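Asks: After the structure tokens below, expect a handful of questions from me.
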Amino acid sequence: MSSRWTPQAINQFQSFSACHNSAPPLHMPTQQTTAAHPGNPGNPSGDDLGDDPGDDLFNNNNNGDNKNNNDDVDEAINVLQALGHTIENLAHATWCNEDSSASSRKMRVHKPDTFNGTDPKKLHTFLVQCKLNFQDCPCVFCLDCSKVTFAQSYLKGMALEWFEPDLLSSSDPEDCPLWMDDGKEFVIELQSTFSPHNLVTDAENQLDHLQMKDGQCINKYIIEFNRLASQVHGYRDGALHHYFYSGLCHKPETLDNL
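First residue of the sequence shown: 144, per this note's numbering; consecutive thereafter.
So, in structure tokens, the structure goes:
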């Protein structure tokens, strides 16, 4: 039986296709078409099914999910904001503690000497010492009420007794005196009660009677003179030079020889 003869060129072409076209043939899916009712496309039976209740349920679920998502986002934002404020407060407190500890390691400011109100001249020194402590720990004394409380803790005697009635009877914040929460008002209260009634007149009187004692250090005399000179008003350099020269125990011929 004779075999069927195939041209060589066709055999080579078939061999080449078999080697280089190994991908499976592409099959297109067939779509079954049904005749739709003219009044309702996609409903071959023609029955009027109305709205699908599943669609409403699906839409309602979407609306509920969106509302829940918005609530979750708002809650997350509030939590993050509260967390941010907490971190900020902690950072500020840490900075204050580090600042206070660092300043305490570097230097130690002397606490104020107690003030009892018997010597009005000591009030100025007391206020200066309090201010040095305020400057040393600015975070601790950032509020006026803390400054007032600190200064009051170093009062004793009749100075403390002056403020005692208001301290014991100030249960209602609205009835508290102004000086309790205002540092300036507290200083005014102290000065008006325990400082010399006329600072200028008192300074002028002390300056007129200032005398350097024999054997006294010249620096101490100069410091006291400058303190009094800063409290008087209307004194020119010529008048101040006269007071300074008159108070010296060993008077040089000229001020240039001092």
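Just so it is clear, CB atoms sit at the ideal spot from N, CA and C, and this is done for glycine as well.
Source: prediction; values computed, not measured.
What's the gap between the Cα of L391 and the Cα of L310?
Replies: Here the question's residue 391 lines up with position 248 in the sequence shown. Here the question's residue 310 lines up with position 167 in the sequence shown. Near 48 Å, if we compare the C-alpha coordinates of L310 and L391.
Asks: Under 6 Å Cβ to Cβ from W322, same chain only, skipping five residues before and after it: list those, please.
Replies: Here residue 322 is taken as the residue at index 179 of the sequence shown, counted from 1. Same-chain partners within the cutoff: E328, F329 and E332.
Asks: In chain order, what residues of the same chain lie with their CB nearer than 6 Å to the CB of V252, ignoring the 5 residues before and after it?
Replies: Looking up residue 252 in the sequence shown gives position 109. L275, N276 and D279, listed in sequence order.
Asks: Which residue wins for smallest C-alpha separation from M301, given the options T292, V271 and F337?
Replies: Your numbering for residue 301 matches position 158 in the sequence shown. For the residues T292, V271 and F337, the minimum Cα distance to M301 belongs to F337.
Asks: Short check: CB of N348 to CB of K299, under 8 Å?
Replies: Sequence index remark: in the sequence shown, residue 348 carries index 205 (1-based). Sequence index remark: in the sequence shown, residue 299 carries index 156 (1-based). The answer is no: Cβ separation not under 8 Å.
Asks: From the DSSP output, which residues share a beta bridge with L298?
Replies: As a first step, residue 298 is located in the sequence shown; it is residue number 155 there, counting from the start. Paired residues: F258.
Asks: What's the C-alpha gap between K254 and V222?
Replies: Here residue 254 corresponds to residue number 111 of the sequence shown, with the count starting at 1. Here residue 222 corresponds to residue number 79 of the sequence shown, with the count starting at 1. Distance between the alpha carbons of K254 and V222 is about 44 Å.
Asks: Which residues bound the alpha helix (DSSP H) around L383?
Replies: Locating residue 383 in the sequence shown gives position 240, counting from the first residue. L383 -> alpha helix (DSSP H) spans D380 to S389.
Asks: Is it true that the CB of C288 sits closer than 8 Å to the CB of D324?
Replies: Taking the first residue of the sequence shown as 1, we reach residue 324 at position 181. Taking the first residue of the sequence shown as 1, we reach residue 288 at position 145. Contact: yes.
Asks: In this structure, does DSSP put P339 in helix, strand or coil?
Replies: Numbered from 1 along the sequence shown, position 196 holds the residue referred to as residue 339. Three-state DSSP puts P339 in coil, outside helix and strand.
Asks: Does the beta-carbon distance from L383 to E367 come in below 8 Å?
Replies: As a first step, residue 383 must be located in the sequence shown, where it is residue number 240. As a first step, residue 367 must be located in the sequence shown, where it is residue number 224. Their beta carbons are not under 8 Å apart, which means L383 does not touch E367 by this criterion.
Asks: What did DSSP end up calling C282 once you bin it into helix, strand or coil?
Replies: To locate residue 282, count along the sequence shown from 1; it is residue 139. C282 falls in the coil class under three-state DSSP.
Asks: With DSSP as the reference, label M355 as helix, strand or coil.
Replies: Within the sequence shown, residue 355 is the residue found at index 212, counting from 1. Three-state result, M355: coil.
Asks: Compare the beta carbon distance of Q334 and L266 with 8 Å and say whether it is the shorter of the two.
Replies: Sequence index remark: in the sequence shown, residue 334 carries index 191 (1-based). Sequence index remark: in the sequence shown, residue 266 carries index 123 (1-based). Cβ atoms of Q334 and L266: closer than 8 Å.
Asks: With DSSP run on the structure shown, which of helix, strand or coil describes D325?
Replies: For the purposes of this step, residue 325 is taken as residue 182 along the sequence shown, with counting starting at 1. D325: coil per DSSP, three-state reduction.
Asks: Flag this pair as yes or no: are the beta carbons of V375 and V343 separated by less than 8 Å?
Replies: Stepping through the sequence shown from its first residue, residue 375 is reached at position 232. Stepping through the sequence shown from its first residue, residue 343 is reached at position 200. Closer than 8 Å, so yes.
Asks: Is D325 near the ligand MN, going by C-beta to nearest heavy atom under 7 Å?
Replies: Ligands displayed in this structure: none; no statement on the ligand MN is therefore possible.
Asks: Could you tell me the boundaries of the alpha helix (DSSP H) in which K264 lies?
Replies: Numbered from 1 along the sequence shown, position 121 holds the residue referred to as residue 264. Run containing K264: none; DSSP gives neither H nor E here.
Asks: Exposed or buried, what is S389 when buried is set at 16 or more other beta-carbons lying within 10 Å of its beta-carbon?
Replies: Residue mapping note: residue 389 aligns to position 246 of the sequence shown, counting from 1. Counting Cβ neighbours within 10 Å, S389 comes out exposed, since fewer than 16 surround it.
Asks: May I ask you to report which of helix, strand or coil DSSP gives C319?
Replies: Numbered from 1 along the sequence shown, position 176 holds the residue referred to as residue 319. Here C319 sits in coil by DSSP.
Asks: Taking the CB atoms as reference points, tell me whether F293 and F306 lie closer together than 8 Å.
Replies: Here residue 293 refers to the residue found at position 150 when the sequence shown is read from its first residue. Here residue 306 refers to the residue found at position 163 when the sequence shown is read from its first residue. No, Cβ-Cβ distance for F293 and F306 is not below 8 Å.
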